[in-house]
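Count along the sequence shown starting at 1, add 375, and that's the number in the working numbering.
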Amino acid sequence: MKNVKSILNDFKKEVTPDSLAEAVKKANRSTVKKQVLLTGVRSDAHTWNLSYLELLLEELGFDVINLGPNVPVESVALNVRLRKIELIVVSSVNGHGAIEGQEIAEYLGSLLGDVSLVIGGLLTTDPNKVEAASAQLINSGYNAVFSGEKAIADLISFLHQQQLVDLQEAQL
Ligand code: B12
Numbered sequence: 376m377k378n379v380k381s382i383l384n385d386f387k388k389e390v391t392p393d394s395l396a397e398a399v400k401k402a403n404r405s406t407v408k409k410q411v412l413l414t415g416v417r418s419d420a421h422t423w424n425l426s427y428l429e430l431l432l433e434e435l436g437f438d439v440i441n442l443g444p445n446v447p448v449e450s451v452a453l454n455v456r457l458r459k460i461e462l463i464v465v466s467s468v469n470g471h472g473a474i475e476g477q478e479i480a481e482y483l484g485s486l487l488g489d490v491s492l493v494i495g496g497l498l499t500t501d502p503n504k505v506e507a508a509s510a511q512l513i514n515s516g517y518n519a520v521f522s523g524e525k526a527i528a529d530l531i532s533f534l535h536q537q538q539l540v541d542l543q544e545a546q547l
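Pasting the structure below:
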């Protein structure tokens, strides 16, 4: 809460076109946030992966709708229909992400439009199958698949490349 003295000080400041433009830009930045839908896959009960990603995405400047674990594909689709989503982040660590992630992409189909769809975590139970599973996920409609130690760093640089995140504005 501002005190009277600081409000009076604001009044005394000279308003220039530049300072006004900067103030409008700041106000827009703080009010209009991109909405991201964060979801687990239907069989996956793990939650800390989702909590981690929720905090990360918030720090990157998104308004995060976290559907939590064990989400049926119908709920993901309903949220895409009802909200103005710009990005869907699917997370799975129980090893079923490759199969159930694909189900999500196939169920969403043309509903996706230009919404970006990404997935990551421990997507298979066999480390030797990660590469093949990633290729299959991309084939089914994902824009990117993230796994291994660099998953989070790769996600951040993907979002930056797609201009979904401005790293100078992010609160990392
Ligand atoms: C805690 C835990 C549990 C807890 C979960 C509590 C909770 N509320 O979440 C309990 C005990 C309930 C549990 C249950 C099970 N678990 Co468990 N669990 C773990 C454990 C020890 C830690 C997971 C964790 O929370 N880590 C902390 C979070 C922050 O990190 P994270 O999950 O790894 O996520 C990171 C990355 O994966 C990545 N990431 C994840 N998603 C995404 C998405 C994107 C887009 C990106 C970029 C990155 C990304 O970023 C995250 C942050 O770095 C792991 C083993 C381990 N050491 O990792 C096993 C593990 C995940 N569980 C496993 C299994 C098998 C199970 C069970 C099936 C066991 C059983 N037979 O019942 C059940 C799951 C049942 C189900 N229906 O899903 C296996 C999965 C095997 C696989 N994938 O090959 C693991 C790997 C253990 C193992 N080595 O076998 N588990």
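Just so you know, even glycine gets a beta-carbon here, dropped at the ideal spot from N, CA and C.
Classification of residue i by the beta-carbon crowding that lies within 10 angstroms, buried from 16 upward
{"i": "Pro444", "result": "buried"}
{"i": "Asp419", "result": "buried"}
{"i": "Val439", "result": "buried"}
{"i": "Glu434", "result": "exposed"}
{"i": "Ser467", "result": "buried"}
{"i": "Leu395", "result": "exposed"}
{"i": "Glu397", "result": "exposed"}
{"i": "Glu389", "result": "exposed"}
Rounded C-alpha distance that separates residue i from residue j
{"i": "Gly523", "j": "Arg456", "result": "32 angstroms"}
{"i": "Leu428", "j": "Val416", "result": "14 angstroms"}
{"i": "Gly372", "j": "Thr500", "result": "The question about residue 372 has no answer here: the residues shown for the chain are numbered 376 through 547."}
{"i": "Phe437", "j": "His535", "result": "13 angstroms"}
{"i": "Ser515", "j": "Asp393", "result": "47 angstroms"}
{"i": "Ile531", "j": "Val540", "result": "8 angstroms"}
{"i": "Leu486", "j": "Thr391", "result": "45 angstroms"}
{"i": "Val465", "j": "Asp529", "result": "15 angstroms"}
{"i": "Ser426", "j": "Gln546", "result": "17 angstroms"}
{"i": "Asn518", "j": "Phe533", "result": "10 angstroms"}
Residue i versus the options, residue with shortest Cα-Cα distance
{"i": "Gln537", "options": "Glu389, Thr422 and Lys409", "result": "Lys409"}
{"i": "Glu461", "options": "Lys525, Val407 and Glu544", "result": "Val407"}
{"i": "Glu502", "options": "Asn454, Pro392 and Ala473", "result": "Here the sequence assigns Pro to residue 502, which means Glu is not the residue at that position. Measuring from the Cα of Pro502, the nearest candidate turns out to be Ala473."}
{"i": "His421", "options": "Leu547, Gly470 and Val490", "result": "Gly470"}
{"i": "Val490", "options": "Ile513, Leu498, Gly496 and Ile463", "result": "Ile463"}
Rounded distance between the beta-carbons of residue j and residue i, thought under 8 angstroms
{"i": "Ser509", "j": "Val520", "result": "4 angstroms"}
{"i": "Ile527", "j": "Leu413", "result": "At roughly 14 angstroms, the Cβ-Cβ gap does not stay under 8 angstroms, so Ile527 and Leu413 are not in contact."}
{"i": "Leu442", "j": "Asn424", "result": "Not a contact, Cβ separation roughly 13 angstroms."}
{"i": "Leu483", "j": "Ala452", "result": "6 angstroms"}
{"i": "Leu498", "j": "Val505", "result": "7 angstroms"}
* the segment 446-454 contacting the segment 476-489, beta-carbon criterion three pairs below 8 angstroms -> yes
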